[in-house]
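Reminder that position 61 of the sequence shown reads as 107 in this note's numbering, one-by-one numbering, no gaps.
No residue lacks a Cβ here, since even glycine has one placed at the ideal position from N, Cα and C.
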Amino acid sequence: MERGTLHGTVAGIRVSFLEYRYPLLQPLVPWATYGFSLASLEDLACMKLSAIAQRGAKKDFIDLHALVTSFSSLTRL
């Protein structure tokens, strides 16, 4: 396992938690139900673009599509 990476399964779904070494565009979004914070949708979209540039896996394009459709316009992204 790489340093700064945690892989696991939540409710039967594979998840990965990765260290992000760049400044965030937006403040973290608290997820009180589970007691931790997540990156904003804008930051997640940037992370997906970075992943596509590095490896271009099909799942990254699917994730980016879901993120882009959640924005009111591409300009905001």
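The beta strand (DSSP E) enclosing residue i, as first and last residue numbers
i: Ser83; result: Phe82 to Leu84
i: Phe63; result: Ile59 to Leu64
Sub-9 Å separation of residue i and residue j beta-carbons
i: Val61; j: Gly54; result: yes
i: Leu90; j: Asp109; result: yes
i: Ala103; j: Ala112; result: no
i: Ile82; j: Pro76; result: The sequence as given places Phe at residue 82; Ile does not occur at that position. Result yes, Cβ atoms of Phe82 and Pro76 sit closer than 9 Å.
Buried versus exposed, by CB contacts within 10 Å (16 or more), residue i
i: Ala57; result: exposed
i: Lys105; result: exposed
Integer-rounded CB distance, given that residue j should sit under 8 Å from residue i
i: Ser116; j: Leu87; result: 6 Å
Enclosing alpha helix (DSSP H) for residue i [first to last residue]
i: Thr79; result: Where Thr79 is concerned, there is no enclosing alpha helix (DSSP H), given that its DSSP letter is neither H nor E.
i: Phe107; result: Lys104 to Ser116
i: Leu90; result: Leu87 to Gln100
Residue(s) in a DSSP beta bridge with residue i
i: Leu52; result: Phe63
9 Å Cβ cutoff, residue i in contact with chain D
i: Leu84; result: Considering every chain present, this structure includes no chain D. It has just one protein chain.
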